[in-house]
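Presented below is the structure to which this report refers.
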Amino acid sequence: MKLLYIVVLLGLVSGCGYNSFEGVKPATEEPPVPNMTIGTLRATYRGQPIRVTNERVVVSGYVTTNDRSNNFYRSLWVEDETGAVEVKVGLYNSHLLYPIGQRVVIKPHGLMLGMVDGLLQLGMEGPSSIYPIDYMAHRVVVDTYLFSVKESRVNQPRTVDLGALQEEWVGMLVRVENLFLDPQVDTTWALSAKNAPTGIPQSACLKFRSVHNPEDSIHVVTSGYAHFASERVPRGRVSLTGILLRGKVASNMVVQLKIRDEDDVQCIPNAPLSAFRISGGVRLQDKMGGR
Amino acid sequence: MLIVLSAWAASAVRGVLLLLLGLLSALNVYGQRATENDGEHSYEPTSEVVQTDTRMELLLQPLRAYPGIFSETSQYHFSFVRYRRRGYDFRQQGFSLDGFDLTDRVTGNPHWGVLSALQNSPIGAYHTDGLRGTESVFGAVGGVMDFDPESFRGVRRSWMKAIVSDRRFRGGAQAGTSSGWLPGGWSLSTAVTRKWGRDRYIRGVYTDDWFLYGSLAKRLGDAHQLSFTYLQAWNDDGVRGASTREAFRLTGDPLYNPHWGYQQGRVRSSRVRENKQPLGTIGWLYTPNSRLRVKLSLAYLSGVSAYSRVESLGAENPTPDYYRNMPGFYAQPQVLNALEEAWERQDPTVTQIHWEELYRVNGMKEDRTAAYVVGSDVNCFSHGWGNAQVSYDLAPGSRLYGGVSFRDEKTRQYRRLDDLLGADYLRDIDYYLIDDEYYGDRLHNDLRHPDKEVRRGGRYGYNHDLRVRTQGAWGGWNLQGRGALQGADGYVGMKLDRVEMCRRGHYEKEMFPGEASLGRSRTLSMTDYMIKVAVGYSFSPRHHLSLDGAVGEQVPPGEQLWLWPDDQNRMISQPRTVSIVSGELGYQSRLGICQLQVSGYATRTDHEGEVRHYYDDLEGEYSAMELREMEKLYAGVEMGLRLDFTHRWSLAVAVACMKNSYRNNPPIRITTQKEGRVVIDGTPAYVKGYSLGGSPQRVAAAELSYRGVGMWYVSLSANYVGDHYVTMNPIWRTRRVYDWVQSPELKRELISQERLPDGVTLDLFVSKTFRWRERYLSVNGSIHNLTDRRTIVQSGYEPMRLLKKGVGVNRTYAPAASRYYYAYGRTYYMTVSFRF
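If you want it as structure tokens, here you go:
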């Protein structure tokens, strides 16, 4: 009977706190050690999408853009000093996992390596030759190939001259200075759902020319889903930062820039519109090799 | 019989009521005092040892009683599935403490914390079946469960109990004492109960409960009694969640629970129910003589109940079995295989909540705001009741009773921040609007405190009161025939309530500024009434036949009358009461070793409404679906049989067959949340003939028991459930959805209602009691689901979502996977109790 007393009394005074928790300790898992630059990885590409079978290949870089402002969709752009690669993670809200400036390590063994319009891509095998690189789509898959490192930096864009662009810079964060919108119209970066006649967001491609050499131009492409799509494009002299791309406009291959958000647009005051000399553009893909 | 009952519908009932009233008053009917409503199967205390968890908890509470063999046998044998007697929802059942209705008029659910405290108290509960109420609780059509502190007042007893179980909790203890009536007219009863531990089979499920009960009474002279009762529940319980067949298949675990994950190696639950509900009553009882009884009582309930969940604020849904996180969502073989492989090896970062990832995401945000938090939906109660009851014996066999009551129930509803998961604060904005092209500049949840930074314990999201005030009266007349009408009995009763409801918003939501969300809404007034009448006749002391009828209007719960109670003062399009007509024919007999009870019943509800909030995949917006003018039929037959072969051996059988179904195709109205745009209005949901689901429609239990010498007791029961359907989603049965589905297979899937497999269990109960003079030591043990059948589905429901395939004009939709709970396998429950 005493035992029952003891059991009951102990039971009545026992405490639990089954769901009381105090934070977490940071993970100590070490990522693989990089042994190759992105530029070298790019150099291994031979014109056809290929599965990376060498399990020792490890590259590393810093995230230059993600889906934070919805202008880039389900992909991360990672670059080091030698080049950039689009990692088709296929995650939504990937900016929360891989913020801009975050260093990541990529172990591409098993992934497909491809190139579209000069842009190096890593992802899953696509459904067709037209679409050779597909999204990884789920965190379980992404975590197999992509590792975050507890290290970040403020990305410094490469300042480039439109007249001296290089093929291997495609996908990299660049800054182009002294541009103006051509023609100088009052427009927005893209057509958001609110502004689109169909109610469906539409992308836009705006041509900017160099103030110093108006024959050089670059097209700024913006998604209609971008947070800043409805914002007015500044008139006057601007400097733009964004990811350098190539793409077609009216069947012509042109150089494109995709900005990340409005902070990538820097207006240069005291530069009157009349100072600009507007003339016909030049197809810059000729200067970039146009492959 | 059912046809007869069905025909005995609204108009007939009204006629019968009037006819019976006239007849009974015209005839000079007298008889002995009908102390209970239920005639032959009255509320006699049962001392039988009971068999399942809760029944064993009642072991020390012999005053709990059941009105019939079916009730007694079925009450707990079907608890391995979600079983609701006759398929009724809680609104049709009455739960009360000393006459105080414990059904929350705001939510329509009972106050679970209070009920748990009562279940763990020593006081007795009287049960009634069907339409029958008690003198202090009028009830609806699903019987009542009335806890009466007076039932234990005169008992002098102390007890201790230890509990061991492997289901929901692992250990428990209870201690209590009751003084009985002491010299000086005092009586004191107290009990404290503790339950704790993690479920052995379902991770994330745990119990951390305290229950306190105290009651003090003082006799003032011969005719007066003053009493105080206090109840308190402190519950903190991790609960399980339903999941899809895909998740069960991949994990190989029918008890898979998505609502937990590891944090630093410990199991952390995301869905936690918390109850902290103190309830106090004060009563004055006046009994000047044996014929008159007057009672005035007041009660007050405060405290909170809360239910937590992980909330993603502009981040991915962390629920592991969210459809986008399941392998079946992906067409790419590599992705599908990788996910399947992770699920099959039960990688806890995939199959469970990845808490450490949530912390990591929060930690990486530059502005240190939270992308994930744990928050709780909180109901904060401020409920008061007042009752004045009187009963009077007009003559032997003729008893009048009734009373007046008022209730003022104010429930504050808000979200509470429980854990920032490593973030510094949360911005109190509507994260679903951030990317909204049109309303992205109307983010603030409370314009009066824009950009509020919320920290642990703070309120956010929504904050409002729902208030329901009820004034009412009820009365009844019990009659027992004498003379020429010897053997006849009956009663007639009526309840009338005036109900007023309003909402008061404490947040001015930027999306719905001004009076649309802030301040008082208009007050809605409705009348709730019910008339009941019954006649019975005992052809001989061994045979009794009864016929009960009821007609009335029922006010829906307050929450169902506002379209968006969390955000807006806007009411549903056509608020109205639910019409109820019910009838029941019962027969009881006692022949030799055999006791038999058979009853057939039919209940029809009309004009019922329902509001569900969901993400409408066709519209791409969070929306509210209003179902209006629903007609439902609950009809069936119940049979209870007891065979006392010898004074040691007996067999009890309970069988019920019912058909609970929709009787019409109710119109649907869908309104989007943001713009309040009506998407469809009046479109029928083709649900006529579908089963209501949520409870099996065929049940049977047989219990063979043996009472041995030396106070041994053993029983073995076999329990069966069948005709069990998933709870249906009406949206899928509209042309709006049907036309978007292309393949015949998907169309069939969309409109068919899944029938869950039948289930059978075996339960064993063994008890031994030792006695030393007036001291008793009882050891009781039970094993449920002896054969360890792990394929029984406890319940299931269809979600509101649709899965989109393709884009533009080529898009098509498929129904989202249904979700299920599986029943436990073999479990045990054991108590050791000492009474002195």
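Read top to bottom, the protein sequences are chains W and F.
Sequential numbering from 167 applies to the first sequence in our numbering.
Sequential numbering from 136 applies to the second sequence in our numbering.
Just so you know, even glycine gets a beta-carbon here, dropped at the ideal spot from N, CA and C.
This structure is a prediction, so every number in the text was calculated from the model and none was measured.
Within a Cβ cutoff of 7 Å, which residues of the same chain sit near W:L242, ignoring the five residues on either side of it in sequence?
Counting only residues of its own chain and dropping the five nearest sequence neighbours on each side, W:L242 has a CB closer than 7 Å to the CB of V229, N232, V253, V255, S260, Y264.
DSSP three-state assignment for F:S287, whether helix, strand or coil:
Position check: residue 287 of chain F holds Phe in this sequence, whereas Ser was assumed. Helix at F:F287.
Sorted by chain position, which residues of the same chain lie with C-beta nearer than 6 Å to F:R739's C-beta, five sequence neighbours on each side aside?
Hits under 6 Å: V716, L768.
List the residues of chain F whose Cβ lies closer than 9 Å to the Cβ of W:P265, in chain order.
M499, K500, E501, listed in chain order.
Three-pair Cβ contact test at 8 Å for the segment 871–883 of chain F versus the segment 912–930 of chain F
Three or more Cβ pairs closer than 8 Å define a contact, and the segment 871–883 of chain F falls short of that threshold against the segment 912–930 of chain F.
Taking C-alpha atoms, which residue in F:W784, F:I815, F:Y825 lies nearest to F:R798?
The option with the nearest alpha carbon to F:R798 is F:Y825.
Short check: CB of F:G259 to CB of F:S286, under 8 Å?
Contact flag set, yes.
Which whole-angstrom value describes the C-beta separation of W:F374 and W:L345, a residue pair presumed to lie in contact below a C-beta threshold of 8 Å?
Contact holds; Cβ gap of about 4 Å.
Should F:R302 be labelled buried (16 or more other beta-carbon atoms within 10 Å of its own) or exposed?
Classification for F:R302: buried.
Give the range of the alpha helix (DSSP H) segment to which F:D816 is assigned.
Counting along the chain, no alpha helix (DSSP H) covers F:D816; the unbroken beta strand (DSSP E) around it starts and ends at 813–819.
Going by DSSP in three states, F:A252 sits in which element: helix, strand or coil?
Residue state, collapsed to three classes: helix.
Close beta carbons around F:R542, own chain, < 6 Å, minus the five adjacent residues each side:
Excluding residues within five positions, the ones whose Cβ falls inside 6 Å are W520, T605.
Hey, does W:E291 have any beta-carbon neighbour from chain F nearer than 8 Å?
For W:E291, the answer is yes, since a Cβ of chain F falls inside 8 Å of its Cβ.
Run down chain W in chain order and give the residues with a C-beta less than 9 Å from the C-beta of F:D570.
Contacts between F:D570 and chain W, judged by CB atoms closer than 9 Å, involve N236, Y391, H393 in chain order.
Please confirm if F:R333 has its CB atom under 8 Å from at least one CB of chain W.
Yes, because at least one Cβ of chain W sits closer than 8 Å to the Cβ of F:R333.
Whole-angstrom C-beta distance between W:G337 and W:N379, which should lie under 8 Å
About 24 Å; that fails the 8 Å criterion.
Status (buried if at least 16 other CB within 10 Å, exposed otherwise) for F:F905
With fewer than 16 Cβ atoms within 10 Å of its Cβ, F:F905 is classed as exposed.
Output yes if chain F places a C-beta closer than 8 Å to the C-beta of W:G280; else output no.
The beta-carbon of W:G280 is placed no less than 8 Å from the nearest beta-carbon of chain F.
Measuring CB to CB, does F:N920 end up less than 8 Å from F:R961?
Yes, these two residues count as a Cβ contact at 8 Å.
F:L582, DSSP secondary structure in three states
For F:L582, the three-state secondary structure derived from DSSP is coil.
Do the segment 891–905 of chain F and the segment 850–860 of chain F touch if we need at least three Cβ pairs shorter than 8 Å?
Because the criterion of three Cβ pairs below 8 Å is met, the segment 891–905 of chain F and the segment 850–860 of chain F touch.
How about W:D327: is its C-beta nearer than 8 Å to some C-beta of chain F?
No - not a single Cβ of chain F is within 8 Å of the one on W:D327.
Alpha-carbon to alpha-carbon, F:E270 and F:Q689:
Each residue's alpha carbon lies about 20 Å from the other.
Would you mind telling me which residues of chain W sit closer than 7 Å to F:R403, beta carbon to beta carbon, in chain order?
Counting only Cβ-Cβ distances below 7 Å, F:R403 has contacts in chain W at N185, F187, in chain order.
Closer than 8 Å is the cut-off here; do at least three beta carbon pairs connect the segment 466–483 of chain F with the segment 560–568 of chain F?
Taking a contact to require three or more Cβ pairs closer than 8 Å, the segment 466–483 of chain F and the segment 560–568 of chain F do not qualify as touching.
If you follow the beta strand (DSSP E) that W:A362 is part of, which residue opens it and which one closes it?
Counting along the chain, W:A362 falls outside any beta strand (DSSP E), and DSSP gives it neither H nor E.
Note down, in chain order, each residue of its chain lying with its Cβ closer than 6 Å to the Cβ of F:S146, except the 5 sequence neighbours on either side.
Any reading at F:S146 needs caution, since the residue's pLDDT is 40, under 50, leaving its predicted position unreliable; the model's value is listed next. Taken in chain order, the list of residues that qualify is empty.
Count the other CB atoms, across all protein chains shown, that sit within 10 Å of the CB of F:W395; report buried if there are 16 or more and exposed otherwise.
Buried: at least 16 other Cβ atoms inside 10 Å.
Starting from the beta carbon of F:Q398, find every residue of chain W whose beta carbon is closer than 7 Å, and list them in chain order.
Within chain W, the residues near F:Q398 are F187, V190.
For F:W478, the first and last residue of its enclosing alpha helix (DSSP H)
Its alpha helix (DSSP H) spans residues 468–479.
Using a Cβ-Cβ distance under 8 Å, would W:T288 count as near chain F?
According to the sequence provided, residue 288 of chain W is Leu. The question's Thr does not apply to it. False, the Cβ-Cβ gap to chain F never drops below 8 Å.
Just the Cα atoms here: how many angstroms apart are F:T364 and F:R240?
In a straight line, the C-alpha of F:T364 is about 22 Å away from that of F:R240.
Rounded to whole angstroms, what's the CA-CA distance from F:R219 to F:P245? Just pull it up for me.
Pairing F:R219 with F:P245, the inter-Cα distance amounts to about 14 Å.
Spatial distance of F:D188 from F:N255 (CA atoms)
Caution applies to F:D188, whose pLDDT of 36 falls short of 50 and renders its modelled position unreliable; the value that the coordinates give is listed next. If you take the alpha carbons of F:D188 and F:N255, they lie about 12 Å apart.
With a CB to CB cut of under 7 Å and the five nearest residues on each side skipped, what residues in its chain are close to F:P455?
Close CB contacts of F:P455 within its chain, under the 7 Å cut and outside five residues either way in sequence, are with P393, V485, T486, Q487, I488 (chain order).
Please classify F:G229: is it buried, with 16 or more other beta-carbons within 10 angstroms of its beta-carbon, or exposed?
So F:G229 counts as buried.
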